[in-house]
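For reference, each letter of the sequence shown is one residue, going 6 to 426 in this note's numbering.
For glycine and all other residues, C-beta sits at the position ideal for the given N, C-alpha and C.
Nothing here was measured: the structure is a model prediction, and the numbers come from that model.
Working notes for the structure below.
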Amino acid sequence: MLSKKTIVIGNLLSLAGALLFLTLFFIGPDQSALINSFGSKWVRAYFSPHQSQTEGLLEEVRKGQIDRAKKLVQTKWQSIAKKDRVYPLKRKLLLAIAKELHRQGQYDELYRWATQWQKLDRRDIDAIAFLYEALYRLPDQKIEGLEGLKREWWRFPYNSMLTRFYYAALMEQGLKDDAKVVYKLAIDKMRLMSDPEEGLIDLTQAFKGWKLTLYSTPILTSDSDYESYVNSREGLARTWELINDFLKGRSLTKYPTQHGLTPTQQAKYWVRQGALSKITFGKLLAGMRKPVKVVKTQRPRFILTNEHWLGLVIDLDSKFTALRVDLPPGLNIQIGAIRLRIGSIVQRIPLDKIEVKNMDRIGAVLSTAHSADPYLSFSVQDSLSSGGAKNNTNIVVELDAQLATLVGNIPPADWFMSNKD
6 MLSKKTIVIG NLLSLAGALL FLTLFFIGPD QSALINSFGS KWVRAYFSPH
56 QSQTEGLLEE VRKGQIDRAK KLVQTKWQSI AKKDRVYPLK RKLLLAIAKE
106 LHRQGQYDEL YRWATQWQKL DRRDIDAIAF LYEALYRLPD QKIEGLEGLK
156 REWWRFPYNS MLTRFYYAAL MEQGLKDDAK VVYKLAIDKM RLMSDPEEGL
206 IDLTQAFKGW KLTLYSTPIL TSDSDYESYV NSREGLARTW ELINDFLKGR
256 SLTKYPTQHG LTPTQQAKYW VRQGALSKIT FGKLLAGMRK PVKVVKTQRP
306 RFILTNEHWL GLVIDLDSKF TALRVDLPPG LNIQIGAIRL RIGSIVQRIP
356 LDKIEVKNMD RIGAVLSTAH SADPYLSFSV QDSLSSGGAK NNTNIVVELD
406 AQLATLVGNI PPADWFMSNK D
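Okay, here's the thing in structure tokens:
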């Protein structure tokens, strides 16, 4: 039997709880900012660890390492359901692992993975796409997989994964008429929206960002030529100013350290090379590197060659010895061959003779790989040595190029069709 003291303590605790509730009830409307602040802090405290863990694992998956990510999803994160606040992070891992399993050709494991994923969210179209793609890739389930891709694509024709998988399957099966239907719808979709990482490219973007720059190699003969060469380049003129101040015993405090060398060390290096005047400095530089200057930079006109290559045309009104091509940023343009056409002269430029920046070399193909500032350059002196290049008003850089998208590589002919609409 409870003592009177115990009953009193219990009543006091109940009263305190009731008073706390009433206090929160009455002050709540006036302290919403405070309550929201507490709520936001709680959400961040819960979400942030999951987010940082996800980012680290996604980086591993991109490198082909999926074991730790799979283990996390199947153990510690197994209880995270669709309604949970961190489920979007879990879905990122589910999708990334599915993509990597597909890339590695582990179709049995991909089927099991997509099945588990779909149990979490039966309306997730990407999960459905991977499930039927996995079935299609399994020899004894190919028919069921193809039928599933067909059925689901007609239900969700604008889903990128379904489009990619169904189109590839149709092409493999030789069902070209059906593939054309998928291709056309995908092209139409690309005109409305763009997501390069998912292969959704607004094809009109393929014509934006191109730029051709022509360079010439100046002939340096007189002392004034070498002085002008130094003066015409801000970096060289500044370096000579440093050397000159050193030779005259002036302070070098206004000059920065570069490449790990102090201003004094930089000056001593050039003096040891013999740079005792602006003229000798210019001669040293001309001997170390071929001096070049920009002749012109121009946005090209576009043509489609007889072989359906992409032609970049610019006016030719002065001599040049090298050429640079800036390509559109953010896309994945793949180039299999390059030719230079000047009048009756057509010269193929070997890809191993081409310098590239922010581009990948993949086998015998150059790829812009979604880079922000891709460009390539090459010498054209051999092309200009022939008499057929004289008295022509333009040059054409011809590219055997394709644009990588969710329905495969799109040839330039389809870029032009999109640009005209």
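In terms of residues, what are the limits of the beta strand (DSSP E) holding residue i?
{"i": "F383", "result": "Y380 to S384"}
{"i": "V78", "result": "Careful: V78 lies outside any beta strand (DSSP E), inside the alpha helix (DSSP H) at D72 to Q79."}
{"i": "V351", "result": "I350 to I354"}
{"i": "T410", "result": "N399 to T410"}
Please report the Cβ distance between residue i and residue j, rounded to the nearest whole angstrom; I am assuming they are in contact, meaning their Cβ atoms lie under 8 Å.
{"i": "E105", "j": "G69", "result": "6 Å"}
{"i": "D378", "j": "W215", "result": "Not a contact, Cβ separation roughly 13 Å."}
{"i": "V385", "j": "T326", "result": "6 Å"}
{"i": "Y116", "j": "A139", "result": "4 Å"}
{"i": "E157", "j": "I133", "result": "5 Å"}
{"i": "V299", "j": "Y220", "result": "6 Å"}
{"i": "A211", "j": "L356", "result": "Wrong, their Cβ atoms sit about 21 Å apart, outside the cutoff."}
{"i": "R269", "j": "L257", "result": "What sits at residue 269 in the sequence shown is Thr, not Arg. At roughly 6 Å, the Cβ-Cβ gap stays under 8 Å, so T269 and L257 are in contact."}
List the DSSP bridge partners of residue i.
{"i": "A103", "result": "Answer by DSSP bridge pairing: none, since A103 is not bridged."}
{"i": "S372", "result": "Q339 and D365"}
{"i": "F307", "result": "L317"}
{"i": "G1", "result": "In the structure as shown, the chain starts at 6 and stops at 426, and residue 1 therefore has no counterpart that could be examined."}
{"i": "R346", "result": "V351 and V401"}
{"i": "E360", "result": "S382"}
{"i": "Q263", "result": "L266"}
{"i": "K216", "result": "D331"}
Closer than 7 Å: is that where the CB of residue i sits relative to any heavy atom of the ligand HEM?
{"i": "D250", "result": "The ligand HEM is absent from the structure shown, which contains no ligand whatsoever."}
Find the nearest neighbour of residue i within the set the options, judged by alpha-carbon distance.
{"i": "K288", "options": "S233, Y260 and T267", "result": "S233"}
{"i": "T59", "options": "A86, K87, I102 and S84", "result": "I102"}
{"i": "R142", "options": "L247, S84, R90 and A173", "result": "A173"}
{"i": "A119", "options": "F135, D113 and R127", "result": "F135"}
{"i": "E403", "options": "E177, R353 and Y92", "result": "R353"}
{"i": "D131", "options": "Y380, T168, E149 and L381", "result": "T168"}
{"i": "L328", "options": "G348, S349, K88 and K301", "result": "K301"}
{"i": "I284", "options": "L247, S227, P268 and E312", "result": "S227"}
{"i": "I148", "options": "G413, L175 and S256", "result": "L175"}
{"i": "I4", "options": "R238, Y231, D230 and K273", "result": "Residue 4 lies beyond the residue range present for the chain, which begins at 6 and ends at 426; the question has no answer from this structure."}
{"i": "D230", "options": "A184, L290, G240 and D113", "result": "L290"}
{"i": "D126", "options": "R108, L309, Y112 and K87", "result": "K87"}
{"i": "R304", "options": "H313, L321 and Y163", "result": "L321"}
{"i": "E312", "options": "D182, N164 and A418", "result": "A418"}
{"i": "S349", "options": "N399, L217 and D365", "result": "N399"}
In the DSSP assignment, find the unbroken alpha helix (DSSP H) run with residue i in it and report its ends.
{"i": "G150", "result": "K147 to R160"}
{"i": "N249", "result": "E239 to L252"}
{"i": "N164", "result": "That residue, N164, is in no alpha helix (DSSP H); it is neither H nor E in DSSP."}
{"i": "L328", "result": "Note, L328: premise wrong, no alpha helix (DSSP H); beta strand (DSSP E) at A327 to D331."}
{"i": "R277", "result": "P268 to Q278"}
{"i": "W122", "result": "Y112 to L125"}
{"i": "Y231", "result": "D228 to N236"}
{"i": "I133", "result": "I130 to R142"}
Inter-stretch contact (C-beta, 8 Å, three-pair minimum) for the segment 310 to 320 and the segment 350 to 368: no
Cβ contact (3+ pairs, closer than 8 Å) linking the segment 337 to 348 and the segment 371 to 378: The segment 337 to 348 and the segment 371 to 378 touch, with no fewer than 3 CB-CB distances between them shorter than 8 Å.
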